[in-house]
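Residue numbers (this note's numbering): 5 to 99.
This report concerns only the one structure given below.
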């Protein structure tokens, strides 16, 4: 089980890359826009493999070429290092 994030400074680089804090939740959110559905779905597949290896799964919503991702660690009751690590991996996969 992951511990709730205490060093909020770890969020700053993510916020600078387009992640936002979700109002009313201890969670991060980002919307990715791809060239088309295949690119979006391919990215989701790659991100799913990373998430599964981490045993940490995102909340996400896909319509055509857009994917909205919300990250939080339910067992910890909010953000954890797992969310920071998965967000960083998602950004790398999208670049």
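Using N, Cα and C, we set each Cβ at its ideal position, and we do this for glycine too.
Judged by DSSP secondary structure, residue 65 falls outside any alpha helix (DSSP H) and instead within the beta strand (DSSP E) spanning 63 to 67. Taking the Cα positions, residue 76 is about 9 Å away from residue 33.
In the same chain as residue 69, and ignoring 5 residues on each side of it, the C-beta atoms closer than 8 Å to its own belong to 37, 38, 39, 40, 41, 43, 44, in chain order. Between residue 86 and residue 31 a beta carbon distance of about 12 Å is seen, past the 8 Å cut, so the two are scored as non-contacting. Under DSSP, residue 84 forms a beta bridge with 8. With contacts defined by Cβ atoms closer than 9 Å, residue 83 and residue 9 form a contacting pair.
Residue 81 holds the alpha-carbon nearest to the alpha-carbon of residue 29 among 98, 89, 81, 62.
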